[in-house]
Amino acid sequence: MVAFAANSLLCRVALRGTGIDAVTFTSVRIVSGAFMLLLVVWIQGGRVRHAGNWLSALALFVYAAGFSFAYLSLPASTGALLLFAAVQATMIGYSVRIGERLSMLQCTGLVCALAGLVGLLLPGLSAPPPGGAALMLAAGMAWGIYSLRGKGAKNPTMETAGNFARAVPFAAVLSVITHTHAALDWPGLVYAIASGAVTSGIGYALWYATLPQLKVANAATVQLSVPVIAAIGATVFLDESLTPRIVLASAAILGGVAIVVLNGRRPAASPQYGVKQ
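Numbering (full-length UniProt numbering), first residue to last: 1 to 277.
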């Protein structure tokens with residue numbers, strides 16, 4: 001979970017404090033993530049020639065690009081919370097769409113989470129920029145779709161490696177289209193590689209290796225820590241302040257999602273495919 005939260009910190013500090021642009025950060029992250037995951041699969045003796053699929057790779061690319069552009073304006077703590085909320089809302093919404101019914105307690109939790117999200121986005125001095133918020137919500141929806149499409153994969157690490165590799169052409173096309181605005185320096189490159197190879201590639205591999213040892217409820221509970229870790233890290237390392245609005249919104253959103261996820265059975269929204277930035 002620290003690795004997943006660190007993605008928000010690395011992206012934010014790179015785009016705020018170095019010369020790298022959002023498209024280049026996205027491309028380097030995807031390429032380095034693909035390389036690291038392919039290396040992990042190779043060490044495990046696997047092959048990814050036919051792993052993954054193009055639609056999942058497109059969803060992965062949309063997530064990564066939206067994530068980067070959102071952090072041009074969003075604080076790391078706010079971005080992580082919006083991402084987490086969008087991912088879980090997408091997966092819970094899908095479970096309802098396919099006919100799974102929420103209990104009264106789950107409905108209460110959902111209303112609480114939505115109220116927290118609305119409160120966070122309401123206009124005001126401490127409200128996040130609407131453009132950045134919209135991009136992060138879109139990124140979260142894309143990751144939720146990607147996660148749902150990968151549900152039930154026999155070898156999640158191999159499938160993720162295949163999807164990262166297939167996402168490289170999408171990133172290359174975007175880089176070509178925006179090449180006149182490209183910018184890069186060594187600190188930004190290092191942050192992007194760290195985000196792709198370490199906190200994404202190795203982070204995903206560790207998560208998938210750990211999942212079989214976790215109960216469903218435990219895995220769901222652990223994921224609730226991602227926005228909290230990101231908020232603490234942003235305060236300590238990026239000097240971002242936690243406003244009363246973000247604190248109250250976090251309590252409402254995370255508490256509401258916890259009630260929904262930890263009560264009842266929702267296999268379509270299995271927590272093993274939750275927030276992995």
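Quick reminder that beta carbons are idealized off the backbone N, C-alpha and C, glycines included.
It should be emphasised that the depicted structure is a prediction, and the values quoted were computed from it without experimental measurement.
In the three-state scheme derived from DSSP, where H, G and I count as helix and E and B as strand, residue 50 is classed as coil.
Counted as a single uninterrupted DSSP element, the alpha helix (DSSP H) harbouring residue 159 occupies residues 156 to 177.
Contact between residue 59 and residue 162 fails: their C-beta atoms lie close to 13 Å from each other, not under 8 Å. For residue 56, same chain residues with a beta-carbon under 7 Å away, outside a window of 5 residues either side, are 146, 149, 150, 163 in chain order. Residue 144 and residue 135 have their C-alpha atoms some 14 Å from each other. In this structure, DSSP gives residue 223 a helical state, which the three-state scheme calls helix. By the neighbour-count criterion, in which a residue is buried when 16 or more other Cβ atoms sit within 10 angstroms of its Cβ, residue 44 is exposed. Close CB contacts of residue 253 within its chain, under the 7 Å cut and outside five residues either way in sequence, are with 81, 85, 113, 116, 117 (chain order). Residue 71 is positioned such that its CB atom lies no closer than 7 Å to that of residue 37. Distances from the alpha-carbon of residue 183 to those of 208, 137, 90, 23 put 23 closest.
Cβ neighbours of residue 128 within its own chain (closer than 6 Å, five residues either side excluded): 74, 78.
Here residue 29 carries a helix assignment [DSSP, helix/strand/coil].
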